[in-house]
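A short write-up of the structure that comes next.
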Amino acid sequence: MSSSEPRRTTGPGPVPDAGLPSDRLPSGHLPPDRLPPERLPSGRLPPDRLPSGRLTVVPIAAAEHLAFVRAQRSASFLQTPAWARVKPEWRGESLGWFDARRRLVGAGLVLRRPVPHLDRLTLAYLPEGPVIDWTGGTGELDAWLEPLAAYLKARGAFAIRLGPPVRTDTWSAAQIKEGIADPAIRRLTDLPGQGDGDPVGARVTARLRAAGWLPRNPENGFGAGHPQFKYEIPLAGRTEDDLLRSMNQLWRRNIKKAAREGVEVTVAGTPTADEPAGAPAAGESAGHPIAGAELKAFHDLYVHTAERDRFTPRPLEYFTTMFAALRAEDPERIKLYLARHQGDVVAAAILVRVGTHAVYAYGASATEKREVRGSTACQWAMIRDSLAAGCDVYDLRGITPTLDPDDAQVGLVRFKAGTGGRAVRYVGEWDLPLRPMVYRAFDLYMRRRAR
12 MSSSEPRRTT
22 GPGPVPDAGL
32 PSDRLPSGHL
42 PPDRLPPERL
52 PSGRLPPDRL
62 PSGRLTVVPI
72 AAAEHLAFVR
82 AQRSASFLQT
92 PAWARVKPEW
102 RGESLGWFDA
112 RRRLVGAGLV
122 LRRPVPHLDR
132 LTLAYLPEGP
142 VIDWTGGTGE
152 LDAWLEPLAA
162 YLKARGAFAI
172 RLGPPVRTDT
182 WSAAQIKEGI
192 ADPAIRRLTD
202 LPGQGDGDPV
212 GARVTARLRA
222 AGWLPRNPEN
232 GFGAGHPQFK
242 YEIPLAGRTE
252 DDLLRSMNQL
262 WRRNIKKAAR
272 EGVEVTVAGT
282 PTADEPAGAP
292 AAGESAGHPI
302 AGAELKAFHD
312 LYVHTAERDR
322 FTPRPLEYFT
332 TMFAALRAED
342 PERIKLYLAR
352 HQGDVVAAAI
362 LVRVGTHAVY
372 AYGASATEKR
382 EVRGSTACQW
392 AMIRDSLAAG
402 CDVYDLRGIT
412 PTLDPDDAQV
422 GLVRFKAGTG
432 GRAVRYVGEW
442 DLPLRPMVYR
452 AFDLYMRRRA
462 R
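Every letter in the sequence shown is one number past the one before it in this note's numbering, and letter 72, counting from 1, is 83.
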C-alpha cells in the first residue's frame, strides 16, 4: 500500500483589513502587530482577538473571510467562502463580526434559499457555524447572535438555521462496544458520557433555547442538514503505532490484508515518475491537477455504491465543482484517494482539510474484490496523511446514536468504533424564526415534502 506524502497546508498568512468596509486600510491588510499570534481550537479566539464592546455584523469580502478562517486552528469546510460556489442553488454571503475597535473577530458563511412562491423571503443557513467564540457566558453569546439576527431579518430572512461547532458529550470506543453488548442499552445517550459532559455545550444549548431558538435534531441524528452525532479519531500527540494499537483486531487485520493483497492507494493528481511535478496531464487544468478520468472513476464507483446501499447519489458535476472551488481556495483543501488492486479501482474516498481538522467527506467501494479490503486501505492512508499533516482530528462524519444490535444502522457505528476514537454529540442545528407565520408555513411544507 502506498500513498503520497502530504504537503503542509499554508499558514494563517496576513489577515486582511479588520476595519469596517468604509474604513479600509490602503494595503488591504492588518499591520503586523495586529496579526493573530497563534491558531487556537475552533470556537475559541486568541486573547488579543476577543471582542471589545458592541459587535456589528456586516458583509465582508471572500478574501477577508478566508484569511480569518486560516487564522483559526480549525473550522468546518462548510464555513469557507468556497463552499458557496459548491451550492449554487443557495445564495452565499460572507459576514464578519467587528468589535468597537473595528477588529474582525468572527466570520460566517450564510447560505440563503428562497421560500417557494415567496422569492423575496429566505431561510438563512450557517452550516456548522458561524466561526465565533462560543465559549463565553450568556450575555456574550447573545452579543454574537443578536446582531446576526438583526442583519439577516432586515435583508428578508424569515428564519436563521445554524449549527454551532460545539460538543456536548463524548463516548469511547470501549463504551460503545459494551453498550452494543448490553440488552438494556439502546442508544448512545443511554450511556454515561466521558466526564460530566462539556460545560460549553451545555451552556450554548441552554442559551439558544432560552433565546427562542428551536432544536432541529431528529431522534436518529440525521435530518435535512448535518448530523448531530459524529465519529472522530483524536490525532494530536499520537503516532501511527498509537493509532494502530487503539484499533480493534479486525481493523488491524484488514490493514495488513490489504497490504498483502497488493492494494495500492494513491492521491489523484500525484505526478508519476515520468511526469514532472506541476505539469498537468491530459484532461487536467492548471492549478487543479486531477484528471477528469480519475474523478469519473470515483463517481462511477460512487454511483455503484449508491445503488447497492440504496441512497441517492450526487451528479458528477457536483464533485467537479467541489474540487474546483475548494482547490482554488487552497490546493491542499481537498484530495481524492484511489485504492487499486491489479489495476482495478476497488475503493475511493474524498478527504477535506481546514487547518488541523481532516474530514472523510465521501467514500465508495466495489462489490467485487471486497475481500482485498480497499476501503480500509483508503481510510488508513487518509488517517496517516492527516497525522503527518499535523491534524488534531480525523473526522469520520455522521453516525446514528443507535446501539441496538437489531438496528441496521448499528453496523456503521460498529465499523467506525473499530478505529478506536470516540463518538461525539454536538449541540446540533437550531432555528430562530424571525417571521413566525412564514416559518410555520415553511416548516409544514418541508414536513409534507419529506413524507
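For glycine and all other residues, C-beta sits at the position ideal for the given N, C-alpha and C.
Under 8 Å between C-beta atoms of residue i and residue j
i      : j      : result
ALA95  : LEU122 : yes
LEU134 : GLY119 : no
TYR313 : ALA269 : no
ASP347 : VAL278 : The sequence given here places Leu at residue 347; Asp does not occur at that position. Against a cut-off of 8 Å, the Cβ pair of VAL278 and LEU347 comes out as a contact.
PRO158 : VAL68  : yes
PRO238 : GLY409 : yes
ALA360 : HIS315 : no
GLY236 : LEU414 : no
TYR99  : HIS76  : Residue 99 is actually Pro in this sequence, not Tyr. No. Outside cutoff.
PRO141 : GLN83  : no
HIS352 : LYS380 : yes
VAL449 : LEU132 : yes
VAL383 : GLU243 : no
VAL276 : ALA372 : no
ARG436 : PHE169 : no
VAL116 : TRP108 : yes
HIS310 : PHE334 : no
PHE105 : ALA154 : Sequence check: residue 105 is Ser here, not Phe. Contact: no.
ALA317 : PRO324 : yes
Contact belief for residue i with residue j at Cβ below 8 Å, rounded distance in angstroms
i      : j      : result
LEU254 : GLY431 : 7 Å
ILE171 : ALA160 : 6 Å
ALA350 : ALA339 : Not a contact, Cβ separation roughly 27 Å.
ARG65  : ALA111 : 6 Å
PHE240 : THR411 : 7 Å
ASP406 : ALA369 : 7 Å
PRO125 : TYR456 : In fact, because the Cβ distance is near 12 Å, the residues do not count as touching under 8 Å.
ASP180 : GLY208 : 5 Å
SER386 : ARG364 : Not really, about 20 Å apart at Cβ, beyond 8 Å.
ASN259 : GLY148 : 41 Å between Cβ atoms; not a contact.
VAL274 : ALA165 : Contact doesn't hold; Cβ gap of about 56 Å is too wide.
LEU163 : ARG218 : Actually they do not touch by this definition, with Cβ atoms about 19 Å apart.
Where residue i falls: helix, strand or coil (DSSP)
i      : result
ASP415 : coil
ARG271 : helix
ALA293 : Annotation note: pLDDT 35 at ALA293 (below 50); position unreliable, coordinate value reported separately. Coil.
LEU225 : strand
PRO99  : coil
ILE143 : coil
GLY298 : Because GLY298 sits at a pLDDT of 44, beneath the cut-off of 50, its placement in the model cannot be relied upon, and the point is left open.
ASP110 : coil
ARG491 : The structure shown has nothing for residue 491, since the chain only spans 12 to 462.
ALA452 : helix
THR91  : coil
ALA135 : strand
PRO52  : In this predicted model, PRO52 has a pLDDT of only 46, less than 50, meaning its place in the structure is not dependable enough to derive any value.
GLY71  : The residue asked about is misnamed: residue 71 is Ile in this sequence, not Gly. Coil.
ARG123 : strand
ARG238 : Residue identity differs from the one stated: residue 238 is Pro in this sequence, not Arg. Reduced to three states, the DSSP call for PRO238 is coil.
GLY303 : helix
LEU77  : helix
ALA82  : coil
LEU261 : helix
ALA279 : coil
VAL247 : Inspection of the sequence shows that residue 247 is occupied by Ala rather than by Val. Here ALA247 sits in coil by DSSP.
ARG458 : helix
GLY212 : helix
LEU129 : strand
LEU115 : strand
Contact test: residue i Cβ vs the ligand SAH heavy atom, cutoff 7 Å
i      : result
ALA279 : In terms of ligand content, the structure shown is empty, and the ligand SAH therefore cannot be addressed.
Task: Runs of alpha helix (DSSP H) lying entirely within the region 149–205, each at least 4 residues, in chain order - done: 149–165 and 184–192
Open item on the list: Counting beta carbon pairs with one atom in the region 198–207 and one in the region 257–272, are three or more of them shorter than 8 Å?
Closed with: no
Open item on the list: If contact is defined by three or more beta carbon pairs under 8 Å, each pair taking one atom from either stretch, is the region 398–408 in contact with the region 179–187?
Closed with: no
TODO: Give a yes or no on contact between the region 220–230 and the region 436–447, applying the rule of three or more CB pairs nearer than 8 Å.
DONE: Yes: the two stretches touch, three or more of their Cβ pairs being nearer than 8 Å.
Open item on the list: Runs of 3 residues minimum, wholly inside the region 370–449: which ones carry the beta strand (DSSP E) assignment?
Closed with: 404–409, 433–437 and 441–444
TODO: Could you pull out every unbroken beta strand (DSSP E) segment of at least 3 residues lying fully inside the region 318–372, listed in chain order?
DONE: 345–352 and 355–365
Open item on the list: Under 8 Å, with one C-beta from each stretch per pair, do the region 449–462 and the region 209–222 reach the 3-pair mark?
Closed with: no
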